[in-house]
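Engineer:
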Amino acid sequence: MTAIAYKGHFAHVEFDAEDEIFTGRLAGINDVVGFHADSVEALKAAFHEAVDDYIETCGKTGKAPEKPYSGQIMVRIDPAVHALAALAAQLAGKSLTKWTEERLREAAERDTAAVVTV
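When the letters of the sequence shown are read in order and numbered with our numbering, they come out as residues 505 to 622.
1. Residue 535 by DSSP, collapsed to three states: which one?
2. Under the assumption that residue 554 contacts residue 541 (Cβ atoms under 8 Å), give the Cβ distance between them as a whole number of angstroms.
3. Just mark residue 519 as buried or exposed, buried being the case when its beta carbon has 16 or more other beta carbons within 10 Å.
4. If we count the other Cβ atoms within 10 Å of its Cβ and call it buried at 16 or more, is residue 515 buried or exposed?
5. To the nearest angstrom, how far is the alpha carbon of residue 544 from that of residue 616?
6. By how many angstroms is the C-alpha of residue 578 removed from the C-alpha of residue 595?
7. For residue 587 and residue 612, what's the separation of their Cα atoms in angstroms?
8. Taking 9 Å as the threshold (C-beta atoms), are residue 621 and residue 533 in contact?
9. Give the single residue among 589, 575 and 614 whose Cα lies nearest to the Cα of residue 604.
10. Would you tell me roughly how many angstroms separate the C-alpha atoms of residue 597 and residue 584, rounded to the nearest one?
Next comes the structure, spelled out in structure tokens:
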């Protein structure tokens, strides 16, 4: 799977070998916005069109394009991991919240570094 970006929107892209097409779907939103194409150039165009249509449709309906992230996250983890993270945060002189944010930022930046802007 590959990720691409355009106008601040991201999409997951996969190749469907059976149909010999690329398929994609906007990521990070609850609305379902998909696109497909049979070549890389056509895929880029279809992705741009999907994003532009999404933004235009939101404008026509008076709805802001989705930004579903509130800055709050609830995760359930093994108590031993929780204790270890709390200790690491304390040793670093940080709150667990700040320490966790920094670790998540590092992981997210590392894992999204390969996103292609088209």
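The beta-carbon is built from N, C-alpha and C at its ideal position, and this holds for glycine as well. Just so it is clear, the structure is predicted and the values come from calculations on it, not from any experiment.
Structural biologist: Result, derived from the coordinates:
1. In this structure, DSSP gives residue 535 a state outside helix and strand, which the three-state scheme calls coil.
2. Incorrect: roughly 10 Å between the Cβ atoms, too far for contact.
3. By the 10 Å Cβ count, residue 519 comes out exposed.
4. Residue 515 is buried by the Cβ-count criterion.
5. A direct Cα-Cα distance of roughly 20 Å separates residue 544 from residue 616.
6. Rounded to the nearest angstrom, the two C-alpha atoms are 23 Å apart.
7. When rounded, the distance between both Cα atoms is 22 Å.
8. No, these two residues do not count as a Cβ contact at 9 Å.
9. Ranked by Cα distance from residue 604, the options 589, 575 and 614 are led by 589.
10. Cα to Cα, residue 597 sits roughly 20 Å from residue 584.
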